[in-house]
Amino acid sequence: MLYQLLSLVGAVLILAGFALLQMGRLDRTDRLFNLLNFVGSALLTVVAVEDRRLGFIFLEGAWALLSLVPLLRPPRRAA
726 MLYQLLSLVG AVLILAGFAL LQMGRLDRTD RLFNLLNFVG SALLTVVAVE DRRLGFIFLE
786 GAWALLSLVP LLRPPRRAA
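Counting in the numbering used here, the sequence shown runs from 726 upward without gaps.
Now the structure itself:
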């Protein structure tokens with residue numbers, strides 16, 4: 726039951742970021758967009774590891790790492 730909840734929350738976070746991007750409310754460089762992707766994909770990675778789904782471990786793990794990179798960069802200063 727816990728893993729079902731984690732997978733739903735993870736999917737909702739990723740889809741929320743995508744929906745906000747498509748509606749023009751977020752830009753792909755926004756920290757919130759990358760945070761939603763990172764947390765959502767990290768949760769889905771945990772579920773994939775528990776279920777031993779190698780393809781999904783690779784996909785979601787890579788998604789999480791790629792979303793984490795912009796979050797670790799220092800914020801841009803206003804010009």
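Note that CB positions come from ideal geometry on N, CA and C, so glycine has one too.
**Message:** Using 8 Å as the cut-off, can you tell me whether the segment 759-767 makes contact with the segment 733-746, which would need three or more C-beta pairs spanning the two stretches below that distance?
**Reply:** Contact between the segment 759-767 and the segment 733-746 is present: 3 or more CB-CB pairs across the two stretches fall below 8 Å.
**Prompt:** To the nearest angstrom, how far is it from the Cα of Arg802 to the Cα of Asp755?
**Reply:** Sequence index remark: in the sequence shown, residue 802 carries index 77 (1-based). Sequence index remark: in the sequence shown, residue 755 carries index 30 (1-based). When the Cα atoms are used, Arg802 and Asp755 turn out to be separated by approximately 14 Å.
**Item:** Reduced DSSP secondary structure (H/G/I, E/B, other) of Arg753
**Value:** Against the sequence shown, residue 753 aligns to sequence position 28. In this structure, Arg753 counts as coil in the three-state DSSP scheme.
**Message:** According to DSSP, simplified to helix, strand and coil, what is Pro795?
**Reply:** Here residue 795 corresponds to residue number 70 of the sequence shown, with the count starting at 1. DSSP places Pro795 in the helix class (H, G or I) of the three-state scheme.
**Message:** For a test of the three-state rule: what should DSSP assign to Ala787, helix, strand or coil?
**Reply:** Sequence index remark: in the sequence shown, residue 787 carries index 62 (1-based). Reduced to three states, the DSSP call for Ala787 is helix.
**Request:** Just mark Gly780 as buried or exposed, buried being the case when its beta carbon has 16 or more other beta carbons within 10 Å.
**Result:** Within the sequence shown, the letter at position 55 stands for residue 780. Per the 10 Å Cβ criterion, exposed.
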